[in-house]
């Protein structure tokens, strides 16, 4: 696929192809230039900078069907003693943001041979899981990291998983990381978000990065990124709608629907697929005054929200842990919604090793199904199959040697 030049402006964070160069400037939007036109210019007034250059059409070095955007964290998982927790004033079953006194934990865990190192963060977990089920060179991941050994580790782990890393580097801020300190069945999570909070849409817009956007057919973004760079989410969503590609978002956490409601609502018109669990769905309903706790009614409401690309149906997926999964598929034009419940893949309790990341694994399998143009029934089954495998692993990881979906 040849990358088409576009004009970039700062009237908004959105992109829109329109006919003709003059119209583009008048409307302060992006355009697809006339065939054969080789030059483009773009301005980003919100960043107080402008540039012009000439860039010929070019073939990306590698195209990836799935592009994932999120907040990258290096996951460090290790079994520790109660004494170690007491040393840092930590509880055995808790989750906190790291304070200054906790920063040495990450260095200490890296020195332990038994520490399990993963490329983490919700969307990055999903990226690894989707690549686990897809052919080689199917997934590219975007996010922000520092310039340190933790970023190097992330790149190594993604490479092992077959995921292409396209990180924005923020030298002044350390790479985000999460220490999972395990004592028996309990885990204490200590998270330093670091550079993950500093992603900028300008990185995505760079021609050497935008080629990956143009080459992808499915986009998946974690809701957590609403706290970081909603402009990047809107850019992907608008492009997907313009090009009739699939844009997916995960609600990710209950607080996002409440504290980042405006940013979430601004992104909703791009949702071809919206995923979440029952707690996140209820939080959405509460923050939007739906006056119901009925998951079917909440799913219907979201499924019929205004949508930019009405040629695609909108699919809403709500998981419920060990309970059935709800799927709502809406025809926006006809304003109809079909509902269906899917039983989960059962697993004996004594085979569950760790539930951390099971939701990310489900999303990975489901998204992998969409990438392969599977029907909804199969995509849901793929998600539940991968979630079951992840439950039997330590942390958000997948079995080795690799297993194949039947």
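Numbering (the UniProt record's numbering), first residue to last: 1 to 406. Beta carbons are placed, not taken as given, at the ideal position from N, Cα and C, and that holds for glycine.
**Prompt:** Under 8 Å between the Cβ atoms of residue 176 and residue 250?
**Reply:** Not closer than 8 Å, so no.
**Request:** Could you check the C-alpha separation between residue 403 and residue 129 for me, to the nearest Å?
**Result:** 12 Å
**Item:** Buried/exposed call for residue 151, threshold 16 Cβ in 10 Å
**Value:** buried
**Item:** residue 49 (DSSP reduced to helix, strand or coil)
**Value:** Only weak support is given to the placement of residue 49: the predicted model assigns it a pLDDT of 28, under 50, and the value that follows is read from those uncertain coordinates. It is a strand residue.
**Item:** Those residues which DSSP pairs with residue 180 across a bridge
**Value:** 77 and 189
**Request:** Label residue 401 either buried or exposed according to how many other C-beta atoms from any shown protein chain fall within 10 Å of its C-beta, with 16 as the threshold for buried.
**Result:** exposed
**Asked** In its own chain, which residues sit with a C-beta less than 6 Å from the C-beta of residue 248, not counting the 5 before and 5 after it?
**Response** 220 and 273
**Item:** Euclidean distance between Cα positions of residue 271 and residue 307
**Value:** 7 Å
**Message:** On the DSSP letters alone, give me the boundaries of the beta strand (DSSP E) that residue 347 sits inside.
**Reply:** Segment: none, residue 347 is in no beta strand (DSSP E) and carries neither H nor E.
**Asked** Under the DSSP definition of a beta bridge, which residues are partnered with residue 132?
**Response** Looking at the DSSP assignment, residue 132 forms no beta bridge with any residue, so it has no partner.
**Prompt:** Under 8 Å between C-beta atoms, does residue 226 make it to chain D?
**Reply:** Here chain D cannot be found, since the structure has a single protein chain.
**Exposure label - residue 93; buried when at least 16 CB within 10 Å** = It is exposed - the Cβ of residue 93 has fewer than 16 other Cβ atoms within 10 Å.
**Request:** Name the residue from 239, 100, 196 and 172 whose alpha carbon lies nearest to the alpha carbon of residue 67.
**Result:** 239
**Exposure of residue 103, with buried meaning 16 or more beta-carbon neighbours within 10 Å** = exposed
**Prompt:** Counting pairs of beta carbons, one from the region 179-196 and one from the region 75-93, are three or more of them closer than 8 Å?
**Reply:** yes
**Message:** So for residue 250, helix, strand or coil by DSSP?
**Reply:** strand
**Message:** Are the CB atoms of residue 394 and residue 362 within a distance shorter than 8 Å?
**Reply:** no
**Message:** Using the Cβ count rule (16 or more neighbours within 10 Å means buried), how would you classify residue 383?
**Reply:** buried
**Request:** Confirm, please, whether the CB-CB distance from residue 285 to residue 292 is below 8 Å.
**Result:** yes
**Message:** For the beta strand (DSSP E) containing residue 323, name the first residue and the last one.
**Reply:** Here the beta strand (DSSP E) through residue 323 covers 323-331.
**Item:** residue 354 classed as buried or exposed, judged by whether at least 16 other C-beta atoms fall within 10 angstroms
**Value:** Its Cβ being crowded by 16 or more others within 10 Å, residue 354 is buried.
**Request:** Spatial neighbours of residue 408 within its chain, please: CB distance less than 7 Å, with the 5 preceding and 5 following residues excluded, ordered by chain position.
**Result:** Past the edges of the chain, shown from 1 to 406, lies residue 408, and the structure says nothing about it.
**Pairwise C-alpha distance: residue 223 and residue 277** = 12 Å
**Beta-carbon proximity of residue 318 to residue 290, cut-off 8 Å** = no
**Prompt:** Which residue from 254, 122 and 264 puts its Cα closest to that of residue 237?
**Reply:** 264
**Item:** Those residues which DSSP pairs with residue 94 across a bridge
**Value:** 188
**Message:** Taking the alpha helix (DSSP H) that residue 202 belongs to, which residues open and close that run?
**Reply:** 201-205
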